[in-house]
Amino acid sequence: MGWATGYITKLRAGEIVSFRPRGNSMAPRIESGQLCTVEPVDPRDLRPGDIVLCKVRGTEYLHFVKSVQDGRFQIGNNRGHINGWIGHNAIFGRLVKVEP
Numbered sequence: 009m010g011w012a013t014g015y016i017t018k019l020r021a022g023e024i025v026s027f028r029p030r031g032n033s034m035a036p037r038i039e040s041g042q043l044c045t046v047e048p049v050d051p052r053d054l055r056p057g058d059i060v061l062c063k064v065r066g067t068e069y070l071h072f073v074k075s076v077q078d079g080r081f082q083i084g085n086n087r088g089h090i091n092g093w094i095g096h097n098a099i100f101g102r103l104v105k106v107e108p
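Per the working numbering, the sequence shown starts with residue 9, numbered consecutively.
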């Protein structure tokens, strides 16, 4: 179980979720503790630059889609780090709003 397990469960059930993630890997796009709203998404609608709640090698992230290739998604943060490639089943929702 990770920090986002409860939110992932709700997203899989079709619910919209809001939470305050901690960390600086997405600054200045998302500052630590800002209220983030994520909604379920069809992975076919994702494009590079979208921010998604996902799981890469067992770790949950709210990070950018950096690239899309052959139904796979490259995930990375706003500091130049690439987390890796994942399939559509490891993406749970897309960020739709960031508030203070």
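We treat Cβ as the ideally placed atom computed from N, Cα and C, and that holds for glycine.
Residue i versus residue j: straight-line alpha-carbon distance, rounded
i	j	result
residue 60	residue 72	6 Å
residue 13	residue 75	25 Å
residue 20	residue 66	17 Å
residue 18	residue 97	15 Å
Bridge partners - residue i, DSSP secondary structure assignment
i	result
residue 94	81
residue 102	47 and 60
residue 26	45
Beta-carbon proximity list for residue i, same chain, < 8 Å, skipping 5 on both sides
i	result
residue 68	10, 11, 12, 13, 16, 61 and 62
DSSP state of residue i mapped onto helix, strand, coil
i	result
residue 54	coil
Residues near residue i by beta carbon distance below 7 Å, same chain, minus five either side
i	result
residue 107	42 and 43
Same chain only: Cβ atoms within 6 Å of residue i, ignoring 5 sequence neighbours per side
i	result
residue 24	47
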